[in-house]
Amino acid sequence: MQMTGAQILVQSLKDEGVEIMFGYPGGVLLDFYDALFKSGIRHILTRHEQAAAHAADGYARSSGRVGVCMATSGPGATNLVTGVATAYMDSVPLVALTGQVPTHMIGGDAFQEADIIGITRPITKHSYLVTRTEDLARIVQEAFHIASTGRPGPVLVDLPKDVLAGKAKYNRPKSVNIRGYKPKVEGHSGQIKRVLTEIGKAKRAVIYAGGGIILSDASAELRKFAEHNQIPVTNTLLGLGGFPADHPLHLGMLGMHGTYRANMTIHESDLILAIGARFDDRVTGNVAKFAPNARVVHIDIDPSAISKNIVVHVPVVGDVKGVLAELNRLQKKEEPVWAEIRQKWLDQVRQWSEERPLAYDKDSAQIKPQYVIERLSELAPDDAIITTEVGQNQMWTAQFYQFKKPRTLLSSGGLGTMGYGFPAAMGAQFANPGRLVVDIAGDGSIQMNIQELATVAQHNLPVKVLILNNCFLGMVRQWQELFYDQKYSSTCLASNPDFVKIAEAYGVKGIKVENKKDVDSGLLEMIRHDGPVVLEVLVDREEGVYPMVPAGAASSDMIFGPKRKEEKKLKAVK
Amino acid sequence: MRHTISVTVENRSGVLSRVVGLFSGRGFNIDSLSVGETVDATISRITIVTTGDDRIIEQVTKQLRKLVDVIKVTDLTDVNFVDRELILIKINATEKNKAEILRINEIFRGKIVDVSPTSYTFEVTGDENKIEAFIKLVKPFGVKEIARTGKVAVSREM
Numbered sequence: 005m006q007m008t009g010a011q012i013l014v015q016s017l018k019d020e021g022v023e024i025m026f027g028y029p030g031g032v033l034l035d036f037y038d039a040l041f042k043s044g045i046r047h048i049l050t051r052h053e054q055a056a057a058h059a060a061d062g063y064a065r066s067s068g069r070v071g072v073c074m075a076t077s078g079p080g081a082t083n084l085v086t087g088v089a090t091a092y093m094d095s096v097p098l099v100a101l102t103g104q105v106p107t108h109m110i111g112g113d114a115f116q117e118a119d120i121i122g123i124t125r126p127i128t129k130h131s132y133l134v135t136r137t138e139d140l141a142r143i144v145q146e147a148f149h150i151a152s153t154g155r156p157g158p159v160l161v162d163l164p165k166d167v168l169a170g171k172a173k174y175n176r177p178k179s180v181n182i183r184g185y186k187p188k189v190e191g192h193s194g195q196i197k198r199v200l201t202e203i204g205k206a207k208r209a210v211i212y213a214g215g216g217i218i219l220s221d222a223s224a225e226l227r228k229f230a231e232h233n234q235i236p237v238t239n240t241l242l243g244l245g246g247f248p249a250d251h252p253l254h255l256g257m258l259g260m261h262g263t264y265r266a267n268m269t270i271h272e273s274d275l276i277l278a279i280g281a282r283f284d285d286r287v288t289g290n291v292a293k294f295a296p297n298a299r300v301v302h303i304d305i306d307p308s309a310i311s312k313n314i315v316v317h318v319p320v321v322g323d324v325k326g327v328l329a330e331l332n333r334l335q336k337k338e339e340p341v342w343a344e345i346r347q348k349w350l351d352q353v354r355q356w357s358e359e360r361p362l363a364y365d366k367d368s369a370q371i372k373p374q375y376v377i378e379r380l381s382e383l384a385p386d387d388a389i390i391t392t393e394v395g396q397n398q399m400w401t402a403q404f405y406q407f408k409k410p411r412t413l414l415s416s417g418g419l420g421t422m423g424y425g426f427p428a429a430m431g432a433q434f435a436n437p438g439r440l441v442v443d444i445a446g447d448g449s450i451q452m453n454i455q456e457l458a459t460v461a462q463h464n465l466p467v468k469v470l471i472l473n474n475c476f477l478g479m480v481r482q483w484q485e486l487f488y489d490q491k492y493s494s495t496c497l498a499s500n501p502d503f504v505k506i507a508e509a510y511g512v513k514g515i516k517v518e519n520k521k522d523v524d525s526g527l528l529e530m531i532r533h534d535g536p537v538v539l540e541v542l543v544d545r546e547e548g549v550y551p552m553v554p555a556g557a558a559s560s561d562m563i564f565g566p567k568r569k570e571e572k573k574l575k576a577v578k
Numbered sequence: 227m228r229h230t231i232s233v234t235v236e237n238r239s240g241v242l243s244r245v246v247g248l249f250s251g252r253g254f255n256i257d258s259l260s261v262g263e264t265v266d267a268t269i270s271r272i273t274i275v276t277t278g279d280d281r282i283i284e285q286v287t288k289q290l291r292k293l294v295d296v297i298k299v300t301d302l303t304d305v306n307f308v309d310r311e312l313i314l315i316k317i318n319a320t321e322k323n324k325a326e327i328l329r330i331n332e333i334f335r336g337k338i339v340d341v342s343p344t345s346y347t348f349e350v351t352g353d354e355n356k357i358e359a360f361i362k363l364v365k366p367f368g369v370k371e372i373a374r375t376g377k378v379a380v381s382r383e384m
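Here the protein sequences come in this chain order: A and B.
Start counting the first sequence at 5; every next residue gets the next number (our numbering).
Start counting the second sequence at 227; every next residue gets the next number (our numbering).
Listed below in structure tokens is the structure:
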């Protein structure tokens, strides 16, 4: 039976199990939107294409499924770019569908034409320009396969108008076979054994677990591995939730705004087991001074992640879930002498915890943002999904919210995209209808996609937006305070709107909290409201995020905030 | 160190831009590059000469392998291989130096592909050293134009 390209696309999406997509229509997509109407696939109209990409991303990160977003040719497609780049940097399985001008007009600077394949080449895992209707079914199938296997990532499919209007048979191949794409999933058995040898020799081992743990659903395997070996675990930002925050072996996040104990443990370790992480510069600080005495084991599905920034002694290429399961299978009971040595190391780690726990001024009369996050962490259920924007709000969340389960923190780690959190929360809420979803935002970031209040209002989507309002672009202000003589150049948001009134104008409930004593009641009112809420909390305007490793410093060279600046740095006890 | 990397790719539009874009986007060098079809018309071979320390070359090959349209990446520097490039070179010729130019060309086993009253155009193939030596020798006569292919290479069977 002959079908139009638009019908083939709808059928292909259904065959991939797509139930919901996020998009924004336009001229060249009219055929598709016509075929989509009453097709059974739910289409969420965002109010900006960037939000469609982030919503699909939030859907994917919170559910483990492929997120789908769509935008029309030209400006629609270019508005997706930030969302696609965000997903690329954080390895999120995403299929981005873009309209394109008819094939015979491509290259002629037609109305709403942009070379989106060219524009997104460095920020996609792969991309396709479909030139024949009969190729469409195969290409969509390949796109989903590539997006979701190996190291996941966004795949863009560009759809010229005549390809969607043209006719062909629906010929979806039985299986995908791409000769240049065969990701290696199983770890090399010899290398896996070498990991065990390394662990056997190490006296001061640490596990550094990243987003790969979450992408690969390997939390249970990681926990078993860490507990069996009694090795402390630090997480990257994207790894938070991959190991329970309240576990005695957990060190919290490491890196630029990591905990003192995590950074000291890494710095003094003699073996780093990097699992599904990529030694990002925000993690390592000055690479030359990073963990000077450590041997490095690196388990990752992406061969190019290995020895990219840090020399790796024992690489294992493979899916971390399978590799950890194999390690767990091969492990024997520890000899008592090693248990003693490990205990000594754990005692040292505990000492670091006690020396410098995460701290803020709890006696302050002002509302400290950390306090708000601590209270939210206390009041929200363990399975609540938290998204963040980027900047101080993000780092305080990483420090003070207790993530106990995987896929409960969604944050733009690699690209650091302000405006990510709110639309990502929408996507997460659509994927998890019964759960509490909160976007922890700053007053700067929220204004980058605030138009999505219309989308949540339309669907009565119970997403909560918690705005920590300090009337500043706080993270940049903090750097200006520390390194640029407190010249607050272009970081003061002097004419912020009344966020409560904005919410109400969209038909969304707004709450404002100005006093410390009202924080709990405000949070509870937000959590209990059956519908979207904007909760604005006026926080201490000049609070900073500490500890902090200044750019270019060793990760053990932390500063602890203005009050503690003059204190001598504590030297590690060997 | 210089490496000659042979990359077989899907013979499709846009593939070369992915390969070249990877080099520019990640700050790798391209010293020379050539592309052509292989025996299998659906596969092209890209031969890239690049410079970098071991870590960079490792990244180059790994990043290339990550491209979905890339089928195989071989760093020929690790194996025994033959490489050649070709130049077309137009040299000023006068009555006085004609014989000398032709003699040099003969030594290098070049072909004369065009002649005019004031110039010769030669086609010379060889490895990089030979090509460089030829250019050096004819330069004093005055080189009007050079077109150079970049290297192609294959591994040796034995």
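Ideal Cβ positions, reconstructed from N, Cα and C, are used throughout, including at glycine.
Exercise. Expressed to the nearest angstrom, what Euclidean distance is found between the alpha-carbon atoms of A/Ile586 and A/Val320?
Worked result: Shown here, chain A extends from 5 to 578; a query on residue 586 of chain A therefore has no answer.
For this session: Measure from the alpha carbon of A/Arg299 to the alpha carbon of each residue in A/Gly262, A/Phe229, A/Ala388, A/Ile203, then state which is nearest.
Result: Across the set A/Gly262, A/Phe229, A/Ala388, A/Ile203, the C-alpha of A/Ile203 shows the shortest separation from the C-alpha of A/Arg299.
Problem set entry | Closest Cα partner of A/Gln451 within the set A/Leu465, A/Gly431, A/Phe476 | A/Phe476
For this session: Please list the residues of the stretch 293-313 of chain B that have a C-beta atom closer than 9 angstroms to any C-beta atom in chain A, keeping them in chain order.
Result: Leu293, Val294, Asp295, Val296, Ile297, Lys298
Problem set entry | Close Cβ partners of A/Met7 (< 6 angstroms) along its chain, the five nearest in sequence each way excluded | Tyr174
Problem set entry | Short CB-CB distance (under 8 angstroms) between A/Ser368 and chain B | no
For this session: Please list the residues of the stretch 229-257 of chain B that have a C-beta atom closer than 7 angstroms to any C-beta atom in chain A, keeping them in chain order.
Result: Within the stretch 229-257 of chain B, the qualifying residues are Glu236, Gly240, Ser243, Arg244, Gly247, Gly251.
Exercise. Along chain B, which residues have their Cβ under 8 angstroms away from the Cβ of A/Tyr185?
Worked result: Residues of chain B passing the Cβ test: Val294.
Exercise. When DSSP labels each residue in this structure, what does A/Val549 get in the three-state scheme?
Worked result: The DSSP-derived three-state label of A/Val549 is coil.
Problem set entry | Helix, strand or coil at A/Pro126 according to DSSP, with G and I counted as helix | Helix, per DSSP.
Exercise. Under three-state DSSP, which class holds A/Val300?
Worked result: strand
Problem set entry | Reduced DSSP secondary structure (H/G/I, E/B, other) of A/Leu258 | In the three-state scheme derived from DSSP, where H, G and I count as helix and E and B as strand, A/Leu258 is classed as coil.
Exercise. Which residue or residues does DSSP assign as beta-bridge partners of A/Val237?
Worked result: A/Ile211, A/His254
For this session: Excluding the 5 residues preceding and the 5 following A/His584 in the sequence, name in chain order all residues of the same chain whose CB lies nearer than 6 angstroms to its CB.
Result: Shown here, chain A extends from 5 to 578; a query on residue 584 of chain A therefore has no answer.
Exercise. Per DSSP, what kind of secondary structure is A/Pro319 in: helix, strand or coil?
Worked result: strand
Exercise. Curious, which full-length alpha helix (DSSP H) runs of at least 4 residues does the stretch 98-167 of chain A contain?
Worked result: 120-124, 140-152
Exercise. Along chain B, which residues have their Cβ under 8 angstroms away from the Cβ of A/Ser308?
Worked result: Near A/Ser308 (Cβ distances below 8 angstroms), the residues of chain B are Gln285, Lys288, Gln289, Arg291, Lys292.
Exercise. Within 8 angstroms (strictly less), CB to CB, does A/Ile182 reach chain B?
Worked result: Yes, because at least one Cβ of chain B sits closer than 8 angstroms to the Cβ of A/Ile182.
Problem set entry | Delimiting residues of the beta strand (DSSP E) encompassing A/Gly71 | 71-75
Problem set entry | Segment limits, beta strand (DSSP E) that includes A/Lys171 | 171-173
Exercise. Terminal residues of the continuous alpha helix (DSSP H) containing A/Tyr510?
Worked result: Premise fails: A/Tyr510 is in no alpha helix (DSSP H) and is neither H nor E.
For this session: Show which residues of chain A have a CB atom less than 8 angstroms away from the CB atom of B/Arg374.
Result: What B/Arg374 touches in chain A: nothing, since even the nearest Cβ is about 28 angstroms away.
For this session: Output the distance between the C-alpha atoms of A/Ser368 and A/His192, rounded to the nearest integer angstrom.
Result: 55 angstroms
For this session: Indicate the three-state DSSP secondary structure (helix, strand or coil) for A/Gln6 in the structure shown.
Result: strand
Exercise. Do you know whose CA, among A/Arg142, A/Ala498, A/Pro29, A/Val480, lies nearest A/Gln490's CA?
Worked result: A/Val480
Exercise. Taking only beta-carbon atoms, is A/His232 less than 8 angstroms away from chain B?
Worked result: Closer than 8 angstroms: no.
Exercise. Identify the residues that DSSP records as bridge partners of B/Val308: which are they?
Worked result: Per DSSP, B/Val380.
For this session: Look at A/Asn66 and A/Leu241 and say whether their C-beta atoms are less than 8 angstroms apart.
Result: The sequence given here has Ser at residue 66 of chain A, not Asn. It is not a contact, given that the beta carbons lie outside the stated cut-off.
For this session: Note down, in chain order, every chain B residue with its Cβ under 7 angstroms from the Cβ of A/Ile531.
Result: Neighbours of A/Ile531 on chain B: none; closest Cβ ~43 angstroms, over 7 angstroms.
Exercise. Is DSSP giving A/Val291 helix, strand or coil here?
Worked result: Helix, per DSSP.
Exercise. Taking the alpha-carbon positions, what's the A/Val538 to A/Ser95 distance?
Worked result: The straight-line gap from Cα to Cα measures roughly 30 angstroms.
For this session: Put A/Asn473 into one of helix, strand or coil per three-state DSSP.
Result: strand
Problem set entry | Beta-carbon proximity check, A/Val523 vs A/Val376, cutoff 8 angstroms | yes
Exercise. Can you tell me where the beta strand (DSSP E) with B/Arg228 in it begins and where it stops?
Worked result: 228-236
For this session: Please check if any C-beta of chain B sits within less than 8 angstroms of the C-beta of A/Lys312.
Result: yes
Exercise. Listing by chain order, which chain B residues have their CB less than 7 angstroms from the CB of A/Pro126?
Worked result: Listed along the chain, the chain B residues whose CB falls inside 7 angstroms of the CB of A/Pro126 are Gly247, Gly251.
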